[in-house]
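Visitor: What follows is a single structure, and I will ask about it in a moment.
Protein chains in written order, with the UniProt record's numbering: chain A, 1 to 374; chain B, 1 to 374; chain C, 1 to 374.
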């Protein structure tokens, strides 16, 4: 059915001076729970940042560097809405300006860099590039995060590989047959053809498998949805990549012969796998994963069961991707195959490359650098 | 009260070729207990050394490198007053010359480098520079280490930061309010002004707090001295830096209104915090810490209690300094603020820089290098 | 008796571009048990390889890199005699060509590198260099591995040092007195002179000690052989190095006065210590060690006892060699002594250097590189 492509790419691009991610865009930085009552230090797109919530509940992101003696501000604590350095008590405000320090006049203290942030959809989002260009309207709408018709649960992994290897992974679910043989994998996945297309600003890869036995994870989901778990089902996977680095995957099974993806809610268990990959370094990223579902939305125990199941599955991905990264590091100039099943990842990477090139062109045109002068 | 200084310094100097420590001077190398019956390998000022005690009880410091096959001599054992290599039995004498080896004539074996050592004041001291210039008279006198009127207890930490960050730390006790909130910190510290002055060959920073409540550590000390622990006290901290890298801090509390620092011994609990920082590499050092006290000197249990309390406190410093070092490494060119509270550290570093410059000038004048030719 | 040589060598050669091992030769890669039903990933002579047994029981060695997306093939599994990649199911054959992949025509897939292998003498052997030149006849004959008159037991250690330091170690057993004082070491070893000679393609170092008390390991062996363990014995050690990196050591004790090495089997416990050092990197190797013996060959419990004893002894070597390597890394230009006891290692290294030079000369003459073009 499919033919092997002759196209190829090298890994050498990874080591170029231009970082392999756009910066004038919104990335998931953390969840509100991670900054509950205390600051959080996290490196994002190569920048060490500290996140905290001030007295009025507003979230701020700053360089994680105290202007006094260079200690990480994230070791400190919140007092009167300011972030107090844990070394000598310098109190830093949301705007990167020192608001006080015992026995000191702080008016002349140099400001530290701030990063625009938005709190929305259950996440804190950060804009690591040019603060002037930050635009909340550029944050994609996430229907499932706001509607009562959806339930959501998820987690966070630190993964020691280029975030684009995770995008490749999520845009080619063929790997489920091999990496997740005991949960969501089944032979029919890699026997079913995939189609990849561009849909607006999304890259979409889809695969449909009709009249098959549901694998263990989906049998669990069918039971959770109050449906029989041993009947034949129609299964679907529709992977949607969008910039800068999210892959939302519509997945589900419907009792066979009811229309599959288009079946009535009463005949199916369907959900959206949520994946936000936030680069940390060129060879590591923060992986925010989860599942938004439209069945049994009030069942908190089911949310926990699904989270636990997903956590195991994504742990399997993490393991193989980290070893893939290590192997690619050892063979930096080796060309890889680009098969039809790889088209989703290839097109997603091309979209990322175009975004980076556009940013570089803007910078060149403006004759300025993205980072503020110090 | 105080004003923010505009002066600044960069961290880039740390990476220069000239090492950031003087070498023609005495550093604490180890304690006698560490070489009790066995050799000790330790890197000091970038040099890997082995310390051992020979048959007559004399301590020697040598390069930690067996001239036969390069094994570390510190893996060996002491026999007949020589240090025997644990690999093939080469026996090394205190003077860096091989004294024997089974089946070998050793007269022609090349010598290895020796380092001058002194055992005094409860420590082994080493001179890592030009052995010809080593002068025991240059070792500072330590009154508390020889007098029966004092008791001493202490410990050793390996700290992964530039030894000068520890000097900064000890010459600005403002940090106690933040880093040691549960033991010796109290709000009054960073509210009291500090004064920094040069006193002979010492940099002295002092702070006095009158009529305050003693913090937990000092309440413990007051009880140890047989004094009430809930009365108001006058508290003092007088930090004395001297070359190459010691900070001795006179600390204490007196029942309020009795003259504070000058109060009669019966009305106060006072002691000297002892800190010797011996560089290992440019980003790590050996931290010999302790406390010498003039109250309840026969109370060995109190010595242990104080040692345990100090150990916890200095563990808190170690944690923050190591993270500060990591942050400075990430921002090598960032300028730091130099406030009035930093004056003690700034002047101490200046004294160190002058000592290094003087050594360099001597070397240039003599047209020779410090390390012996091989 | 012996005199100290003035000759010397530097460690700097270790860091040259030419790798310090010949490649057109057979190295022990693994044991059959290590590839029982599953693939094994192992780096040998700088090459990452995967070893597996196909449907007909033939062993193959391939580059450990899936041509599809670069995952290590060693993470996969064996199915229908092919090595199936654990990421997306590419099935790789023994010949480095893809034999199948779900939904793909694989005829045009690029092959990956294969390495010649032989299974013989209880080991899998690999030829890491020019596959065209691989010749099974070049594998040395190992009598003890094929004869029923011998029993064999052994193990494998990963050692973080240049494999040549292990050769030095094994060609100079003087170290037993110091490193293995509690098992096979005894003072008489370093008091007995050694003789080193070339015997065909072997470097041979021998030492004989007559009328001594057997050390603990040999007392155990004497009991295993049904002989008294407290009588005086004649002991011998004959170390034989051969290319590329094996040291076989004839060792044993005979009841004193019966001819020593030449005594009748009924009067002695003798065996061959087997050591194959397979380079991993320039500073690490795989150490296959064992003992082949001609006494009590049917006693499996004795085989286990000896293996346990050897494992402890070689663990002591491993510890000191790793620290020696670390020390040599710190002093890359330091000259070492070459004494008479070092002659075995020195001559063995010279033989290795000649083999490397001969390979380089062949390559230069042929105007080609050893690795196949990609």
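Backbone N, C-alpha and C fix where the C-beta goes; we use that ideal spot for every residue, glycine too.
#1: Consult DSSP for residue 141 of chain C and reduce its assignment to one of helix, strand or coil.
#2: Judging by CA-CA distance, which residue of A:110, A:21, A:52 is the nearest neighbour of residue 338 of chain B?
#3: I'd like to know if residue 193 of chain A contacts chain D, where contact means its C-beta is closer than 8 Å to some C-beta of that chain.
#4: Please tell me whether, using a cut-off of 7 Å, the distance from the CB of residue 241 of chain A to the nearest non-hydrogen atom of the ligand ZN is below it.
#5: Beta-carbon of residue 370 of chain C versus every beta-carbon of chain A: anything under 8 Å?
#6: Counting C-beta neighbours from all protein chains within 10 Å, is the total for residue 316 of chain A 16 or more, i.e. buried, or is it exposed?
#7: For residue 179 of chain B, return the contacting residues in chain A, with the cut-off set at a CB-CB distance below 9 Å.
#8: Ends of the alpha helix (DSSP H) at residue 344 of chain B?
#9: Does the stretch 142 to 162 of chain C come within contact of the stretch 90 to 97 of chain C, defined as at least 3 CB pairs closer than 8 Å?
#10: Per DSSP, what kind of secondary structure is residue 146 of chain C in: helix, strand or coil?
#11: When the Cα of residue 70 of chain C is compared with those of A:333, A:347, A:364, A:358, which residue comes out closest?
#12: Within 10 Å of its beta-carbon, does residue 268 of chain A have 16 or more other beta-carbons around it, so buried, or fewer, so exposed?
#13: In chain order, which alpha helix (DSSP H) runs of at least 4 residues are fully inside the stretch 149 to 231 of chain C?
#14: Helix or strand or just coil, what does DSSP make of residue 92 of chain B?
#15: Can you grab the Cα-Cα spacing for the pair residue 286 of chain C / residue 129 of chain C, in whole Å?
#16: For a cutoff of 8 Å on Cβ pairs, would you count residue 190 of chain C as touching chain B?
#17: Is residue 349 of chain A buried or exposed, if buried means 16 or more other CB atoms sit within 10 Å of its CB?
#18: Going straight from the alpha carbon of residue 224 of chain B to that of residue 297 of chain B, what length do you get?
#19: Starting from residue 320 of chain B, find everything on chain A with Cβ-Cβ shorter than 7 Å and list it in chain order.
#20: Nearest-angstrom Cα distance between residue 209 of chain B and residue 174 of chain B?
#21: Please report the distance separating the alpha-carbon of residue 99 of chain C from that of residue 184 of chain A.
#22: Please go through the stretch 248 to 299 of chain A and give each complete beta strand (DSSP E) segment of 3 or more residues, from N-terminal end onward.
#23: Measuring only the C-alpha atoms, how far is residue 176 of chain A from residue 88 of chain C?
#24: For the beta strand (DSSP E) holding residue 125 of chain C, just list the boundary residues, first then last.
#25: Return the Cβ separation of residue 283 of chain C and residue 160 of chain C in integer angstroms, given the expectation that the two are a contact with Cβ distance under 8 Å.
#26: Can you list, in chain order, the residues of its chain whose CB lies under 6 Å from that of residue 250 of chain B, leaving out five sequence neighbours each side?
#27: Using C-beta distances below 8 Å, list every residue in its chain close to residue 20 of chain C, excluding the 5 sequence neighbours before and after it, in chain order.
#28: Would you say residue 205 of chain B faces chain A, with C-beta separation under 8 Å as the test?
#29: Residues of chain B with CB under 7 Å from residue 67 of chain A, in chain order?
#30: Quick one: which residues of the stretch 92 to 109 of chain B get their C-beta closer than 7 Å to a C-beta of chain C? List them in chain order.
#31: Give a yes or no on whether the minimum CB-CB distance between residue 174 of chain A and chain C is below 8 Å.
#32: Give me, in chain order, the residues of the same chain whose beta-carbon lies closer than 6 Å to that of residue 215 of chain A; leave out the 5 immediate sequence neighbours on both sides.
#33: Relative to the alpha-carbon of residue 29 of chain B, which residue among B:342, B:324, B:244, B:195 has its alpha-carbon at the smallest distance?
#34: Apart from the five residues just before and just after residue 362 of chain C, which ones in its own chain have a Cβ nearer than 7 Å to its Cβ?
#35: For the beta strand (DSSP E) containing residue 99 of chain C, list its first residue and its last residue.
#36: Anything in the stretch 202 to 228 of chain B with a Cβ closer than 7 Å to a Cβ of chain C? List those residues in chain order, please.
Guide: With the structure as the only source:
#1: coil
#2: A:110
#3: The structure shown contains no chain D; the protein chains it does contain are A, B and C.
#4: In the structure shown, the ligand ZN is absent, as is every other ligand, since no ligand is present at all.
#5: Unreliable positioning characterises residue 370 of chain C in this predicted model, as indicated by a pLDDT of 47, which lies under 50. A coordinate reading is not provided.
#6: buried
#7: 86, 87, 88
#8: 343 to 366
#9: no
#10: coil
#11: A:333
#12: buried
#13: 163 to 171, 176 to 179, 187 to 191, 216 to 224
#14: strand
#15: 18 Å
#16: yes
#17: buried
#18: 10 Å
#19: 71, 75, 86, 87
#20: 12 Å
#21: 26 Å
#22: 268 to 281, 284 to 293
#23: 8 Å
#24: 123 to 126
#25: 7 Å
#26: 238, 272
#27: 13, 14, 162, 164, 279, 282, 352, 356
#28: no
#29: 337
#30: 102, 103, 104, 105, 106, 108, 109
#31: yes
#32: 184, 186
#33: B:244
#34: none
#35: 98 to 100
#36: none
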